[in-house]
């Protein structure tokens, strides 16, 4: 289903599948917009803390331990925003081994950065994995990997019943994506490999410069990102410990969560 941006795709899905009070498990750090979308859709965000010490990996046992009778969705982004962590095929399969034991649990993958990939292996798509219960959902768009920023074209892929319900919700709350924008998205899709390759060529020098500069700063810690165009650096060395959270709330986002990004 085509949507006016990926945010609209996320909200359409969450509004469709969440019941009041349902919980959504989200690996954290994560994109700050997830929390508001989940809340507005009637859900409750439950962070799954990730640690830089193990490369922001998500152990399957941690996912299993976090699932409760109220858990409705496991939402993750691949590559992760803001850490740049790419979850590879074996890691995702291990997580899905857990989710398949819970037939009522949806798995929602935000793959908006899937072509901004500096690793040697492609970013796995959730749709490539077995889905015996029809619970896998994917959102993607064209603003990041294909550089159509501001054109407002996204899409969702879901089982037919979910798509039908989400389409009804979108019809009630929004409008169709303009036809010229859809044609631009189609053209970008047809040339996606070339566009993504050129984008990586443009990003590589600034990425290298930033990583070099951060490495030269004493007290700065970070995990080298495999994807996206972010570096998630720990700058607490430069902040008074007692004022760290207050500074984040004042200068960045009023709902700063673990690691200051949620």
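In the working numbering, the protein residues as written are 270 to 531. Note that CB positions come from ideal geometry on N, CA and C, so glycine has one too.
Shown here for residue 457: same chain residues with a beta carbon closer than 7 Å to its own, the five before and five after excluded, namely 411, 415, 417 and 464 in chain order. For residue 405, DSSP records a beta bridge to 376.
Between the alpha carbons of residue 304 and residue 331 lies a distance of about 20 Å.
The criterion of a C-beta distance shorter than 7 Å is not satisfied by residue 384 and residue 408. For residue 348 against residue 386, the beta-carbon gap comes to about 7 Å, under 8 Å, which counts as contact. By the beta-carbon neighbour count (other beta carbons within 10 angstroms, threshold 16), residue 358 is exposed. Taking the Cβ atoms as the reference, residue 313 lies roughly 15 Å from residue 374, outside the contact range of under 8 Å. Between residue 500 and the set 509, 487, 311 and 481, the nearest pair of CA atoms involves 481. Cβ neighbours of residue 356 within its own chain (closer than 6 Å, five residues either side excluded): 347. Secondary structure note for residue 316: its beta strand (DSSP E) is the uninterrupted segment 313-318. Comparing C-alpha distances from residue 307 to each of 405, 317, 283 and 274 shows the shortest one belongs to 283.
Per DSSP, residue 497 lies in no beta strand (DSSP E) segment and is marked neither H nor E.
With a 10 Å radius around the Cβ and a threshold of 16 neighbouring Cβ atoms, residue 278 comes out buried. As the crow flies, the alpha-carbon of residue 460 is around 10 Å from that of residue 466.
Here residue 458 carries a helix assignment [DSSP, helix/strand/coil]. In the same chain as residue 432, and ignoring 5 residues on each side of it, the C-beta atoms closer than 6 Å to its own belong to 270, in chain order.
Rounded to whole angstroms, the separation of the alpha carbons of residue 351 and residue 498 is 9 Å.
For residue 426, the uninterrupted beta strand (DSSP E) run begins and ends at 423-426, by DSSP. Each of 353, 328, 453 and 342 was checked against the Cα of residue 476, and the nearest Cα belongs to 353.
Residue 329 places its beta carbon less than 7 Å from that of residue 367. Between residue 491 and residue 478, the CB-CB gap reaches or exceeds 7 Å. Comparing alpha carbon positions, the residue from 449, 472, 508 and 422 closest to residue 272 is 422.
The continuous stretches of beta strand (DSSP E) do not include residue 431, which lies in the alpha helix (DSSP H) extending over residues 429-442.
Scanning the segment 315-372 from its first residue to its last, the whole alpha helix (DSSP H) runs of 4-plus residues come out as 329-335 and 358-368.
Residue range 292-297 is occupied by the beta strand (DSSP E) that includes residue 294.
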